[in-house]
Every structure is written in structure tokens, then in C-alpha cells.
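Take the sequence shown: its position 87, counting from 1, is numbered 86 in numbering that gives the first Met the number 0, and each next residue is one higher. First up is the structure itself, then whatever we jot down about it.
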Amino acid sequence: MLKVYCEDFHKNEVRTLGHELGLPAELLERHPFPTPGLSIRIIYAEELFMETDCGETQVLIRLMVDYANMAAKKHALLNRIEIAMSEEDRFLLEELSNGRLCQHGSQETCLAHSD
Numbered sequence: 000m001l002k003v004y005c006e007d008f009h010k011n012e013v014r015t016l017g018h019e020l021g022l023p024a025e026l027l028e029r030h031p032f033p034t035p036g037l038s039i040r041i042i043y044a045e046e047l048f049m050e051t052d053c054g055e056t057q058v059l060i061r062l063m064v065d066y067a068n069m070a071a072k073k074h075a076l077l078n079r080i081e082i083a084m085s086e087e088d089r090f091l092l093e094e095l096s097n098g099r100l101c102q103h104g105s106q107e108t109c110l111a112h113s114d
């Protein structure tokens with residue numbers, strides 16, 4: 000099952016995306032509608048398709064998410080990131096990967112925030 004996280008989309012944008020993907024109206028218009036962080040699940044595909052470099056892409060994404068630790072360990076694929084990003088972007092990536100992630104969600108009837 001493929002998951003697409005739409006953290007930066009508002010509900011109308013997510014509905015438009017769902018419509019473009021061909022999802023039925025009863026799925027798009029049902030209530031309650033989730034808050035940011037909506038996960039759209041594509042339940043069925045006629046044929047599974049995966050690019051040949053999918054494994055390498057997943058490793059690069061993990062490197063970017065944990066860039067500060069991987070830079071300290073001198074991971075072998077860091078040169079791919081260094082070639083593709085400016086020094087300023089790499090600095091920002093290191094700062095972001097050093098920080099703690101916040102989680103947002105709903106708890107009973109209130110929005111919840113956790114560091």
C-alpha cells in the first residue's frame with residue numbers, strides 16, 4: 000500500500016488531489032475530515048510499479064532525515080547529497096535533523112501537540 004503524506008495541504012487541496020487520483024466522492028466528502036497530516040492510502044493498483052533506483056532513493060531519504068548522524072559517520076552515499084545541495088542547504092538539513100520532531104494530532108475533541 001502506497002502512502003502519501005499531505006502535511007502541507009488544506010482539506011480542499013487534499014480533496015482536489017483525491018479527485019485527480021480518481022477516488023470516489025463518498026471517500027472525499029465523508030466526515031469527520033482529518034486535520035493536517037492526512038494520509039491518503041491508495042488501496043488498489045492494477046500493477047505494482049517500482050523504479051529501478053527505488054532502493055537507493057529510500058537510502059538517500061533516510062540519509063537526509065538523519066543527516067547529522069550520517070555526516071558524523073561519513074556514510075558512503077553522503078557525496079550524492081553534497082553534490083546535489085548547496086552548503087547552506089546542507090547546514091539547514093543538519094540543523095533540522097539535529098532537532099526534535101513535533102507530533103500533532105487530535106486527542107478526544109482537542110488538538111494535541113507533543114515534542
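Beta carbons are placed, not taken as given, at the ideal position from N, Cα and C, and that holds for glycine. This structure is a prediction, so every number in the text was calculated from the model and none was measured.
With C-beta atoms as the reference, is R79 less than 8 angstroms away from L59?
yes
Give every residue of the same chain whose Cβ lies closer than 7 angstroms to the Cβ of L22, excluding the five residues on either side of it in the sequence, and list them in chain order.
none
Could you work out which residue in A75, A71, Y66, K72 is closest to R89 when comparing CA atoms only?
Y66
So for A83, helix, strand or coil by DSSP?
Looking at A83 - three-state DSSP - the assignment turns out to be helix.
Determine whether the beta carbon atoms of H74 and L62 lie at a separation below 8 angstroms.
yes
Which class does L26 belong to by DSSP, given the choice of helix, strand or coil?
helix
Under 6 angstroms Cβ to Cβ from M69, same chain only, skipping five residues before and after it: list those, please.
Only residues of its own chain outside the window of five on either side were considered, and among them L62 have a CB closer than 6 angstroms to the CB of M69, listed in chain order.
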